[in-house]
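Participant:
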Amino acid sequence: MTWSLAIVGTVYKDRWQIEIFFKTIKQKLKIKTFLETSKNAIMIQIWAAMISFLLLSYLKYLFKFDWTINSIMIVNPIFLFSRKCLREWLNHPFGSPPTQLESFGQLELIWLF
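Shown next, in the form of structure tokens:
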């Protein structure tokens, strides 16, 4: 009862910012469960999720085509194991396909049966 109205208002604003932060974490970062329950493990998982969200947001900013962050999250693992240029495909996803397939030196599977 000894705090001034300005201090109470500031504390309430800070509390509201914390609520918005955790709401954003739950909605945007898609953290369903924590792998560990120690403070350090939870902080590492939150930081990793925030870094990945920041990188995906930066990718969204770079490309000309209007991608959503969820669609970039879905497409990104496909390009991890392919030899396509992610930048070119994300800028022009509905462009014409290449005229001939390039050989990347991949070994052929030979059936011996």
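First residue of the sequence shown? That's 1 in my numbering, and the numbers climb one at a time after it.
Beta carbons: idealized from backbone N, C-alpha and C, even for Gly.
It should be emphasised that the depicted structure is a prediction, and the values quoted were computed from it without experimental measurement.
When burial is assigned at 16 or more other CB atoms within 10 Å of the CB, is Leu80 buried or exposed?
Facilitator: exposed
Participant: Which word fits Leu62, buried or exposed, when buried means at least 16 other C-beta atoms lie within 10 angstroms of its C-beta?
Facilitator: Classification for Leu62: exposed.
Participant: Taking 8 Å as the threshold, find out whether the segment 2-11 comes into contact with the segment 22-42 through three or more Cβ pairs.
Facilitator: no
Participant: Taking just the CA atoms, how far does Leu86 sit from Leu29?
Facilitator: Taking the straight line from one Cα to the other gives about 22 Å.
Participant: Going by beta-carbon coordinates alone, are Leu56 and Ile72 separated by less than 8 Å?
Facilitator: It is a contact, given that the beta carbons lie within the stated cut-off.
Participant: Which residues in the same chain have their Cβ closer than 8 Å to the Cβ of Phe188, if we skip the five residues on either side of it in sequence?
Facilitator: Since the displayed the chain opens at 1 and closes at 113, residue 188 lies outside it and no answer follows.
Participant: Taking only three categories from DSSP, how would you classify Leu29?
Facilitator: coil
Participant: Once the 5 residues before and after Ile69 are set aside, which same chain residues still bring their CB inside 7 Å of it?
Facilitator: If we look at Ile69 and ignore the five residues flanking it on each side, its Cβ neighbours are Leu56, Ser57 and Lys60.
Participant: Can you give, in chain order, each stretch of the beta strand (DSSP E) that sits fully within the segment 8-70 and has at least 3 residues?
Facilitator: none
Participant: Please state whether DSSP places Phe79 in a helix, a strand or coil.
Facilitator: helix
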